[in-house]
Amino acid sequence: MKRRTLLQWAALAAAGEAAAQPGPSTRAIPSSGEQVPRVGLGTWITFNVGNDPPARAHCAEVMRAFFDAGGRLIDSSPMYGSSQGVVGEGLQSLGARQRVFSADKVWTGSDGAAQVEASRALWQLPRFDLLQVHNLLAWEKQLPLLHEMKDAGRVRYVGITTSEGRRHREFEQVLRTRRLDFIQLTYNLLDREAEQRLLPAAAERGVAVLANRPFREGDLLRRLQRFPLPPWAGEIGCANWAQFALKFVVSHPAVTCAIPATRRIDHVRENMAVARGPFPDAATRQRMGAYVAAL
Amino acid sequence: MPEWWTYGLSDFLMFSPQVYWRLVARHNAAWWPAQMFAVAAAMALPLLLRAPALPARRGALVLVALAWAWTGWAFHWRLYGEIFLAAPWLGGAFALQALLLAAAAAAPLRSRALAPPGPLCWMLLAAAALYPLLAPLTGHPWSEAEVAGFMPDPTALATLGTLAGLRGWPRWSRALLAAIPIASLLLGAATRWLLAQ
Chain A
1 MKRRTLLQWA ALAAAGEAAA QPGPSTRAIP SSGEQVPRVG LGTWITFNVG NDPPARAHCA
61 EVMRAFFDAG GRLIDSSPMY GSSQGVVGEG LQSLGARQRV FSADKVWTGS DGAAQVEASR
121 ALWQLPRFDL LQVHNLLAWE KQLPLLHEMK DAGRVRYVGI TTSEGRRHRE FEQVLRTRRL
181 DFIQLTYNLL DREAEQRLLP AAAERGVAVL ANRPFREGDL LRRLQRFPLP PWAGEIGCAN
241 WAQFALKFVV SHPAVTCAIP ATRRIDHVRE NMAVARGPFP DAATRQRMGA YVAAL
Chain B
1001 MPEWWTYGLS DFLMFSPQVY WRLVARHNAA WWPAQMFAVA AAMALPLLLR APALPARRGA
1061 LVLVALAWAW TGWAFHWRLY GEIFLAAPWL GGAFALQALL LAAAAAAPLR SRALAPPGPL
1121 CWMLLAAAAL YPLLAPLTGH PWSEAEVAGF MPDPTALATL GTLAGLRGWP RWSRALLAAI
1181 PIASLLLGAA TRWLLAQ
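From first to last, the protein sequence lines stand for chains A and B. Counting in the working numbering, the first sequence runs from 1 upward without gaps. Counting in the working numbering, the second sequence runs from 1001 upward without gaps.
This is how it looks when you write it as structure tokens:
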């Protein structure tokens, strides 16, 4: 990687990080300067529990632990089954509607406005903070709709998403040619393709980045747990592989927030502890990647 | 779906194993002890298929048609749809299968003495009857047992057994009636496999 790029990223990271404080470390959304904690909460699979009251109550407790630890950004989608309604019920029961940074998606080739309204009703919020075109589905149609909604004050930020490395070329084209506040993509210790073009492009364009699948839906941790943590993991505040993997993701200078999904309260606390730093510098990140690649 | 070939089977599993089995337990608890009627109906199938007269076989088809209608509505439509976006479509397929089976039961056929069913019929019916035992055998509580007439997989097995023993109906019609049950069984097997990963 070129030294100039490294310096640009270092400067970006320094500008985005808030001063050390008791809460989690934050990063700035480039288009507004608003700070968001570096670790959020995803809801794919984990919050899709149906209409089962005990399971829904448990999800609310997971959210409580998340907010208690200083978390704010929760991400969901109409394609996540009952997750949106479970989040909405949790926000209502916890009285956290003012606190949450709500990120949702539009995932349809037809009436995006109707879908957004249905999602909003499930979240029980007056408006979303962030709406994203899910996996670029009908983005030519849905992105203008989201911009209209933003101009009308019905959403604060607009973005696009991809996952597992799909459609990166088209994704980059949209990122480079359209007005976006956020992108969301897959980034973790093993899936690092985004480092080549998308993360630099986001930094260059001043676009915030949400990193999904930081643990590859648990598959990454199942692989890593067969091996010992490197002895120097404690120096960067990592007590286990999950923290090691998440620390790697959130310490990339272009990444604004990672959104691990979990249904366990202890895992939420563990994830949020990652956002309290210390964070690895570029050399340590390189060492982290090399260590895992050699396993 | 764009670039559908980049999606693996696991990308379509949008719930955890715990949530799925909890759903099965909730389904059983909601209708208990109605499962006993379903077991009794499943026991009646061999008797109806062994009888040489056509009306008894029509009765067997009516029973499995009711099982498809009930499973489609009570499980797929009403419950599975809570966690699986495609479940209402599965409910529709089950309703269609129920209609096809009902139409076959009412089909005008020449009344004649019918041969008894072969071993494939008995094997499939036995598999459907014993299917609930899979729960304790795979480490699940009885509350998560799957009973024919309530859950898709044993219902499909019982239906295929019935079709295998259905003398008197044209072969092509029995093949047509087997298409949705076979597809349902394949989907069930894929789901079980993914849940076990």
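Each residue gets a CB set at the ideal place from its N, CA and C atoms; glycine is no exception.
In the three-state reduction of the DSSP assignment, residue 71 of chain A falls in the coil class, being assigned neither a helical nor a strand state. By the beta-carbon neighbour count (other beta carbons within 10 angstroms, threshold 16), residue 110 of chain A is exposed. Only those residues of the stretch 45-69 of chain A whose C-beta falls short of 8 Å from the nearest C-beta of chain B are listed: 45, 46, 48, 49, 50, 51, 52, 55. Relative to residue 160 of chain A, the option among A/105, A/38, A/197, A/150 whose CA is nearest is A/105.
For the options B/1104, B/1043, B/1024, the alpha carbon positioned closest to that of residue 1124 of chain B is the one of B/1043. In this structure, the straight-line span from the alpha carbon of residue 1064 of chain B to that of residue 64 of chain A is close to 47 Å.
Closer than 9 Å at the C-beta level to chain A, one finds no residue of the stretch 1133-1144 of chain B.
Within chain A, the residues placing a beta-carbon under 9 Å from that of residue 1082 of chain B are 48, 49, 50, 51, 52, 81, 82, ordered along the chain. Counting only runs of at least 4 residues, the stretch 190-268 of chain A fully encloses the following alpha helix (DSSP H) elements, listed from N- to C-terminal order: 198-205, 219-224, 241-250. DSSP places residue 28 of chain A in the uninterrupted beta strand (DSSP E) bounded by 26-28. The shortest CA-to-CA distance from residue 1088 of chain B to any of B/1074, B/1101, B/1098 is the one to B/1074. Scanning chain A for C-beta atoms nearer than 7 Å to the C-beta of residue 1023 of chain B yields 50, reported in chain order. Classified as buried, residue 43 of chain A has 16 or more neighbouring CB atoms from the shown chains inside 10 Å of its CB. Interface residue (Cβ-Cβ distance to chain A less than 9 Å): residue 1079 of chain B is classified as such.
Per the C-alpha coordinates, the member of A/102, A/277, A/198 positioned closest to residue 239 of chain A is A/277. Annotation: residue 53 of chain A to residue 1156 of chain B spans about 31 Å, alpha carbon to alpha carbon.
The beta carbon of residue 197 of chain A sits closer than 8 Å to the beta carbons of 168, 172 from its chain, once the five residues preceding and following it are set aside; these are given in chain order.
Look at the beta carbons and you see the stretch 1080-1099 of chain B not touching the stretch 1133-1149 of chain B: under three pairs across the two are nearer than 8 Å. Counting only runs of 4+ residues, the alpha helix (DSSP H) found wholly inside the stretch 1011-1085 of chain B occupies 1017-1031, 1035-1050, 1054-1071, in chain order.
Cβ neighbours of residue 175 of chain A within its own chain (closer than 8 Å, five residues either side excluded): 160, 183, 198, 201, 202, 205, 207. For residue 151 of chain A, the uninterrupted alpha helix (DSSP H) segment begins and ends at 139-151. For residue 92 of chain A, no beta strand (DSSP E) encloses it; the enclosing alpha helix (DSSP H) starts and ends at 83-94.
For the 9 Å CB-CB criterion, residue 83 of chain A and residue 128 of chain A do not form a contact.
Burial is judged here by how many other beta carbons sit within 10 angstroms of a residue's own beta carbon; residue 180 of chain A has at least 16 and is buried.
Look at residue 157 of chain A here: in three-state DSSP terms it is strand.
Looking at A/32, A/39, A/23, A/34, the one whose alpha-carbon comes closest to that of residue 255 of chain A is A/39.
With 16 or more other Cβ atoms inside 10 Å of its own Cβ, residue 1058 of chain B counts as buried. Of the candidates A/70, A/265, A/158, the residue whose Cα lies closest to the Cα of residue 23 of chain A is A/70.
Taking 9 Å as the CB threshold, residue 263 of chain A lines the interface with chain B. Taking C-beta atoms under 8 Å as the contact rule, residue 265 of chain A and residue 61 of chain A qualify, at a distance of about 6 Å. Ranked by Cα distance from residue 286 of chain A, the first of A/270, A/251, A/271 is A/251. Sequence-distant partners of residue 268 of chain A (beyond 5 residues in either direction) whose C-beta falls short of 8 Å from its own C-beta, in its chain, are 41, 62, 65, 66, 69, 71, 262. Pairing residue 214 of chain A with residue 1149 of chain B, the inter-Cα distance amounts to about 42 Å. Collapsing the DSSP output to three states places residue 77 of chain A in coil. Shown here for residue 1167 of chain B: same chain residues with a beta carbon closer than 6 Å to its own, the five before and five after excluded, namely 1114, 1115 in chain order. Per DSSP, residue 1182 of chain B is one residue of the alpha helix (DSSP H) stretching across 1171-1195.
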